[in-house]
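Residue numbers (this note's numbering): 101 to 598. Comments concern the structure below.
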């Protein structure tokens, strides 16, 4: 039973996501078309990987959310902080109960058309198959599995392990000589041969004329070692890594043969039979492989020697496992139902957001129209006093036009005569003018000036009436000085008696 060392669990929090997590979303450059903004993570700005939506409406990768909450006490949504730095709403705080799986966006993202970004690879498909392809792409860069630190193209890993890996060095347990895997297979240790030599003169033991040499069980995949049973057993025990490398090379050979057979489907069928035969040989080799337990090369994992427990414990564990499996299936069904509900609700929310955005645009247009109309109303209100002045002037002119005469005859009707006589006697208003009139259609413009309390020698005793010649519109067309006779006595006395 493998156990994780305590040092791995006691490490401090890192400043970046763990290597076991997907550190960010998928790179945007793998998409055939530029991805929409709603498909991008609010933290890493890459295409969302396992998209989750927060209560504030923004979307994050699941790994990004986990990393933010692990490295911050009270993480705040980055988008909310950018949009409104001064105020932080409660729904902007990222906690475990403030986000949920966005199934609708995940389905849309999984159908995006993408291509492999590895140089030399022509793979094209949808995003839901991208990770599976990356785990098998022959052109992908992967770290050396022995730990030399070098990044190697996957299809060249076997060649790297055989020729270029500085860590892939085997040591003979007998002579302590270091060598590469290919040299180790051909190595025949002299010290081991010396120890195995028998005394020349040994009594009571039959002499063997010849020793049978057994082949290694991996001879089918290229191992050339031969020896007696003891040496063969020791060889298989100490040569696990070279044997696995040989199996890896054989696997790639079979894989390339399969691809070649698929490409040339119209060729002879014997080639496919040969490939099938090689596969059968590999399967039989794997079946006969008894891997003995040894520590891992880096010492991170240990193998427990007690692999088998008692039958009763195994039966109990199997029952518990079956119950857990049933509960997991029930939970999976419930989660699927909830995801469908959330998908529908998410679509409704998006529709509502679009409707709200349309209303906001319409409201903005209405506000602009209202401001424009208010400016026009203010301008019209500023013109109201001028309008009142013009109306008053028109009333005065209309009244004057109604009373004007063009035949030299004028009847002056004086209203509120008693009040005006008192004002004249007190000296407040000594005189008043009559409306203008004309002696003819294009004649002189004249008017009357009346002193109700008299003027000059007749002040306080008589009324004084003067005839006034005014500047008219047609003065340039008439003769001067004024030569007409003025008659007024009887008319004035008549109205005074009234």
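The beta-carbon is built from N, C-alpha and C at its ideal position, and this holds for glycine as well. None of these values were measured; they are calculated from a predicted model.
Cut-off 8 Å between Cβ atoms - residues of its own chain near residue 443, not counting five sequence neighbours on either side: For this step, residue 443 is matched to residue 343 along the chain shown. The residues are 203, 204, 207.
Do you know how far the Cα of residue 249 is from the Cα of residue 263? Working through the chain shown from its first residue, we reach residue 263 at position 163. Working through the chain shown from its first residue, we reach residue 249 at position 149. For residue 263 and residue 249, the distance between alpha carbons rounds to 15 Å.
Buried or exposed: where does residue 580 fall if 16 or more other Cβ atoms within 10 Å of its Cβ makes it buried? Counted from its first residue, the chain shown places residue 580 at position 480. Using a 10 angstroms sphere on the CB of residue 580, the tally of other CB atoms stays under 16, which defines it as exposed.
Is the segment 176-187 touching the segment 215-235, taking contact as three or more C-beta pairs under 8 Å? no
Quick check on DSSP: helix, strand or coil for residue 194? Within the chain shown, numbered from 1, the residue matching residue 194 stands at position 94. Coil at residue 194, not helix or strand.
Where do the N-terminal and C-terminal ends of the beta strand (DSSP E) with residue 569 fall, by residue? Walking along the chain shown from the start, residue 569 turns up at place 469. Looking at the DSSP string, the run of the beta strand (DSSP E) that includes residue 569 is 564-570.
What number of angstroms, rounded off, separates the C-alpha of residue 180 from the C-alpha of residue 192? For the purposes of this step, residue 180 is taken as the residue at position 80 of the chain shown. For the purposes of this step, residue 192 is taken as the residue at position 92 of the chain shown. A straight line joining the alpha-carbon of residue 180 with that of residue 192 spans about 6 Å.
Please report the residue range of the alpha helix (DSSP H) in which residue 171 lies. In the chain shown, residue 171 corresponds to position 71, counting from 1. Unbroken alpha helix (DSSP H) run through residue 171: 162-171.
In chain order, what residues of the same chain lie with their CB nearer than 6 Å to the CB of residue 503, ignoring the 5 residues before and after it? Here residue 503 is taken as the residue at index 403 of the chain shown, counted from 1. Closer than 6 Å at the Cβ level, and outside the excluded window around residue 503, lie 535.
Residue 539 by DSSP, collapsed to three states: which one? The sequence position of residue 539 within the chain shown is 439, counting from 1. The answer is coil: DSSP assigns residue 539 none of H, G, I, E or B.
Using a Cβ-Cβ cutoff of less than 8 Å, which residues in the same chain neighbour residue 540 once the five nearest sequence positions on both sides are dropped? Mapped onto the chain shown, residue 540 falls at position 440. 506, 507, 508.
First and last residue of the beta strand (DSSP E) that includes residue 549? On the chain shown, residue 549 is found 449 positions in, with the first residue counted as 1. Element bounds for residue 549: 545-551.
Spatial distance of residue 326 from residue 352 (CA atoms): Sequence index remark: in the chain shown, residue 326 carries index 226 (1-based). Sequence index remark: in the chain shown, residue 352 carries index 252 (1-based). One C-alpha to the other measures close to 25 Å.
Alpha carbon to alpha carbon, what distance is there between residue 557 and residue 500? Within the chain shown, the letter at position 400 stands for residue 500. Within the chain shown, the letter at position 457 stands for residue 557. If you take the alpha carbons of residue 500 and residue 557, they lie about 33 Å apart.
Does residue 482 come out as helix, strand or coil in the three-state DSSP assignment? Sequence index remark: in the chain shown, residue 482 carries index 382 (1-based). Three-state result, residue 482: helix.
For residue 275, count neighbouring Cβ atoms within 10 angstroms of its own Cβ and tell me buried if that reaches 16, exposed if not. For the purposes of this step, residue 275 is taken as residue 175 along the chain shown, with counting starting at 1. When all chains shown are included, residue 275 counts as exposed.
May I have the straight-line CA-CA distance separating residue 217 from residue 149, to the nearest angstrom? In the chain shown, residue 217 corresponds to position 117, counting from 1. In the chain shown, residue 149 corresponds to position 49, counting from 1. So the alpha carbons of these two residues sit roughly 17 Å apart.
Own chain residues within Cβ distance below 6 Å of residue 238, not counting five before or after: By 1-based counting over the chain shown, the position of residue 238 is 138. Taken in chain order, the residues that qualify are 254, 255.
Any contact of the segment 337-353 with the segment 313-323, i.e. 3+ C-beta pairs under 8 Å? yes
Could you tell me the alpha carbon to alpha carbon distance between residue 158 and residue 464, rounded to whole angstroms? Counting from 1 along the chain shown, the entry for residue 158 is found at position 58. Counting from 1 along the chain shown, the entry for residue 464 is found at position 364. Each residue's alpha carbon lies about 25 Å from the other.
Quick check: the Cα distance between residue 153 and residue 469, rounded to an integer number of angstroms? To locate residue 153, count along the chain shown from 1; it is residue 53. To locate residue 469, count along the chain shown from 1; it is residue 369. C-alpha separation (whole angstroms): 38 Å.
Which runs of the beta strand (DSSP E) spanning at least 3 residues fall entirely within the segment 223-261, listed in chain order? 224-226, 241-243, 251-253
So, at 8 Å on beta carbons, what are the nonlocal neighbours of residue 260 in its own chain, with the 5 sequence-adjacent residues on each side left out? Translated into positions along the chain shown, residue 260 becomes position 160. Result list for residue 260: 244, 250, 252, in chain order.
Opposite residue 126 in the DSSP bridges: which residues? Indexing the chain shown from 1 puts residue 126 at position 26. Residue 126 is bridged to 147.
Since residue 160 and residue 143 are thought to touch, with beta carbons under 8 Å apart, how far apart are those beta carbons, to the nearest angstrom? As a first step, residue 160 is located in the chain shown; it is residue number 60 there, counting from the start. As a first step, residue 143 is located in the chain shown; it is residue number 43 there, counting from the start. Going by Cβ atoms, the distance from residue 160 to residue 143 rounds to 6 Å, so yes, they are a contact pair.
Smallest Cα separation from residue 221: which of 234, 170, 473, 430? Working through the chain shown from its first residue, we reach residue 221 at position 121. Closest by alpha carbon: 234.
Rounded to the nearest angstrom, how far is the Cβ of residue 128 from that of residue 212, given a contact under 8 Å? For this step, residue 128 is matched to residue 28 along the chain shown. For this step, residue 212 is matched to residue 112 along the chain shown. No, residue 128 and residue 212 are not in contact; Cβ-Cβ is about 10 Å, not under 8 Å.
Given the structure, does residue 329 come close to the ligand HEM, in the sense that its CB is under 7 Å from one of the ligand's heavy atoms? The ligand HEM is not part of the structure shown, which contains no ligands of any sort.
Does the beta-carbon of residue 194 have 16 or more other beta-carbons within 10 angstroms, so that it is buried, or is it exposed? Walking along the chain shown from the start, residue 194 turns up at place 94. Buried.
By how many angstroms is the C-alpha of residue 171 removed from the C-alpha of residue 214? Along the chain shown, one-based indexing puts residue 214 at 114. Along the chain shown, one-based indexing puts residue 171 at 71. C-alpha separation (whole angstroms): 32 Å.
Quick one: what's residue 131 bridged to in DSSP? What you label residue 131 is simply residue 31 of the chain shown in a count that begins at 1. Residue 131 is bridged to 214.
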